[in-house]
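2 protein chains.
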Amino acid sequence: MLGLSQTTVSRALNGYPEVSEKTRARVVQAAEAHAYSPNTRAQGLATGHSKCIGHVISVSDSAEMVNPIFGDFMAGAGETYSAHGYDMMVTRVGAQDEADTYRSLKARGAVDGIVVHAPRRNDPRLELLDKIGLPYVVHGRSTGIKAPYSWLDVNNTRAFSEATSYLASLGHSRIALINGQETMDFAIRRRSGYESSLRFAGLSIDTALMSTGEMTEAYGYTQANAMLDLLHPPTAFLAASIICAAGIRRALDERGLRVGQDVSIATFDDCLSYFGNGGDTPVFTAWQSSVRAAGAALAQMLIDRIRAPHAPHITKLWEAEFVSGASTGPAPGTSKD
Amino acid sequence: MLGLSQTTVSRALNGYPEVSEKTRARVVQAAEAHAYSPNTRAQGLATGHSKCIGHVISVSDSAEMVNPIFGDFMAGAGETYSAHGYDMMVTRVGAQDEADTYRSLKARGAVDGIVVHAPRRNDPRLELLDKIGLPYVVHGRSTGIKAPYSWLDVNNTRAFSEATSYLASLGHSRIALINGQETMDFAIRRRSGYESSLRFAGLSIDTALMSTGEMTEAYGYTQANAMLDLLHPPTAFLAASIICAAGIRRALDERGLRVGQDVSIATFDDCLSYFGNGGDTPVFTAWQSSVRAAGAALAQMLIDRIRAPHAPHITKLWEAEFVSGASTGPAPGTSKD
DNA sequence: CACATTTGTCAAAGCGCTTTGGATGTCGTG
DNA sequence: CACGACATCCAAAGCGCTTTGACAAATGTG
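Chains as they are written, first to last, in the numbering used here: chain A, -1 to 335; chain B, -1 to 335.
This is the structure:
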């Protein structure tokens, strides 16, 4: 020590005004010299805050699938957290003991708040979190929940409605939807956007052209193949993620169908860092929204919420940005006037 | 309370023998009824252990790239952690303040141990962690480090050597290597396996056929295109990841080259859950090793290490498994005898 | 110069647990 | 019946911090 009391040191480091600048400087310097950082747990015990945010990722038991957007989302969120001195805790959980996990996170005081991922319709987690008093923000929305909550979502309905209209305007009348799992709220929204635009364009809604499943490359491939084998195959695909789209593209390539000419592909794009859709002419015509940016923004919303738990809820609806790529073109047989 | 002292409750819950089974049952039941879990921080303070493992992911400042294997690795590790009552903390960090992050993690007592990702050659992190006394295990290896340490790695040298020999045996003499960033130890090993097999097969080593970079789809596409424009283009590609391979495939498709006939692709495959290479005939001929299994195994190694910090170091060298897919075939012009 | 303020510092309590060192009660044995 | 040996349980200390309430020193005021 340097002849000061614990109190003074604590105050000096935490920026309280009751300490002279001269002493503060001494303390700070000594702390750096000895690589001292206050023990997180002790600090947490004393203050009641853990300065830690929880992310619960449910690994669906069925497919053992890890959401590919996870890494990028975390990278975005992590930036915000570290800027505010928060740590980030990840808990993996199977679907059945979800509730227990949240309860335990709260009871153990492990986190100050959590981010709810992949909300379902009427997601019971929101009510649970409200009940146990754990602050949260939702990545997406949960239709059916009446109580207000904080969320950030992409306007999925509009993006898929626009995409469908876009394809229809190119003359496509058989437009397939390769959707994500329709237990997820966003997937339901995407489908409804798709269907409403089909109706608006006077096109029939054919369940044979709609599929739902986990957004893997193989899924895109399999579904595309199955649909291309139909009597009246689609001339355009609308994919829920760029990874699915890659699978669809593989199916087309394999059959010798030219992407953007014989068959079109449009997709939603989360701007994953390892699967960019950039370049002068993007590979895919896409509606894109950075999941990384969403992570950063949600982290900020949650931190604000933890600071002011009774502030009104904040909601953000981001619009996906349209990029025209090489994967779409007029429907075959359409006259180019 | 139920008329018992704190001591007894603590002992009952933590399975100490000095408490009668009857009382223990009462305590456990009451704890469950009231959803009581001991406060993690207080427990940590008292015991000196945080029951938390750190994962530091460096987001390379240049490309803001998130390693696509991250999610699957975490899913695997998370399984092991939760089975042992450990939490998992993720810290995102830019390359420059790496050392500070590790130091702070230790000083703050935030974690009991950490997993070192993406080791480089002579990685300074290992020495640092030894110095500050934070237990760790390494996913991969760091050539040049003389002190022993615990690691789990895939035999990258052999996998790429085998892959190169395999392609050579199919008659390919211009084999391109689309490698990961050669600041990473594993990428260096892969290259050396590739080069040694080229030499062994009597093939020339052409730097025009070797590239290094971040393993994105776009990178695979760009590099493949560049190489196919060469005067003497490659007839086979060896890719560092299935995501790169997808990019290479796209370049081939776009040029009307048939994969596995006109040009072959072999790749390393981390068995990512969203980019499976399964099916009756796998898409790609690949050398595969599950990164998820690696996560689970490393987590176990680290937990063991934390329990017995002075036990001899454990090292595991996994062999990648060969799967024959549709993406490779005899070099064009080779007689099929 | 005496008094009221303000400034800078400190001792001690408390956060929720684990753990040490008893204390109490029960039982078996000579 | 007395004594030691167990089996159960408990009170209190301590983990490393923050924070409350006091106090001493420095400053301002009439």
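Heads up, the beta-carbon is just placed ideally off N, CA and C, and yes, glycines get one too.
Here the structure is a predicted model, which means the values were calculated and not measured.
In summary, the residues of the segment 103 to 120 of chain A whose CB is separated from some CB of chain B by less than 7 Å are A105, R106, G107 and A108, in the order they occur in the chain.
Close CB contacts of Q221/B within its chain, under the 6 Å cut and outside five residues either way in sequence, are with I176 and S209 (chain order). Not a single CB atom of chain B sits nearer than 7 Å to the CB of M299/A. Here DSSP, grouped into helix, strand and coil, assigns Y34/B to coil. Secondary structure within the segment 200 to 232 of chain A: the beta strand (DSSP E) runs of 3 or more consecutive residues, fully enclosed, are 208 to 210 (chain order).
Less than 7 Å divides the Cβ of A234/B from the Cβ of L165/B.
When C-beta distances to chain B are compared with 9 Å, the residues of the segment 275 to 301 of chain A below that value are N275, G276, G277, V281 and R290, in chain order. If you compare the alpha carbons of V321/A, P117/A and C50/A with that of S148/A, the shortest gap goes to P117/A. With at least 16 other beta carbons inside 10 angstroms of its own, F71/A counts as buried. Separation of the CB atoms of T326/A and A264/A is rounded to 6 Å, and the pair is thereby assigned contact status at 8 Å. DSSP links R188/B through a beta bridge to no other residue. When only Cα atoms are considered, H82/B and L300/B end up about 11 Å apart. Along the length of the segment 80 to 110 of chain A, whole beta strand (DSSP E) runs at least 3 residues long occupy 85 to 91, reported in chain order.
Per DSSP, T265/A is one residue of the beta strand (DSSP E) stretching across S262 to D267. Using a Cβ distance threshold of 7 Å, A294/A and E62/A do not count as a contacting pair.
I173/B is positioned such that its CB atom lies no closer than 7 Å to that of M213/B. Judged by beta-carbon spacing, D110/A lies within the 7 Å limit of S48/A, meaning their Cβ atoms are closer than that value. For G245/A, the enclosing alpha helix (DSSP H) begins and ends at I240 to E252. Our two residues, R123/A and Y84/A, have alpha carbons roughly 23 Å apart in a direct line. Residue pairing by DSSP places V114/B opposite V136/B in a beta bridge. A check of alpha carbon separations from T162/B across D151/B, G276/B and S202/B identifies S202/B as the nearest. For I241/A, the chain B residues whose C-beta falls within less than 8 Å of its own C-beta are Y272 and F273, listed in chain order. Distance from G245/B to Y217/B at the Cβ level is roughly 6 Å; contact confirmed, criterion being Cβ atoms closer than 8 Å. Annotation for K129/B: the continuous alpha helix (DSSP H) segment containing it runs P122 to I130. In the same chain as S288/B, and ignoring 5 residues on each side of it, the C-beta atoms closer than 6 Å to its own belong to C269, in chain order. Residue environment analysis places S3/B among the exposed positions, since fewer than 16 neighbouring C-beta atoms fall within 10 angstroms of its C-beta. Of the candidates V26/A, M87/A, E19/A and S8/A, M87/A places its Cα closest to the Cα of I51/B. Each residue's CA atom was taken as its position, placing A44/B and G46/A some 16 Å apart. In terms of Cβ geometry, T89/B and V54/B form a close pair [threshold 7 Å]. The segment 252 to 264 of chain B makes no contact with the segment 189 to 206 of chain A, as fewer than three CB pairs between them are under 8 Å. Going by C-alpha positions, N275/B is about 41 Å away from H308/B. Between A291/B and A75/B, the gap from beta carbon to beta carbon reaches 7 Å or more. The beta carbon of S262/B sits no closer than 7 Å to any beta carbon of chain A.
By the criterion of a C-beta distance shorter than 8 Å, T6/A is surrounded in its chain by V17, T21 and V25, once the five residues flanking it on both sides are discounted. Residue state for Q179/B is assigned as coil, using DSSP reduced to three classes.
For E77/B, the three-state secondary structure derived from DSSP is helix.
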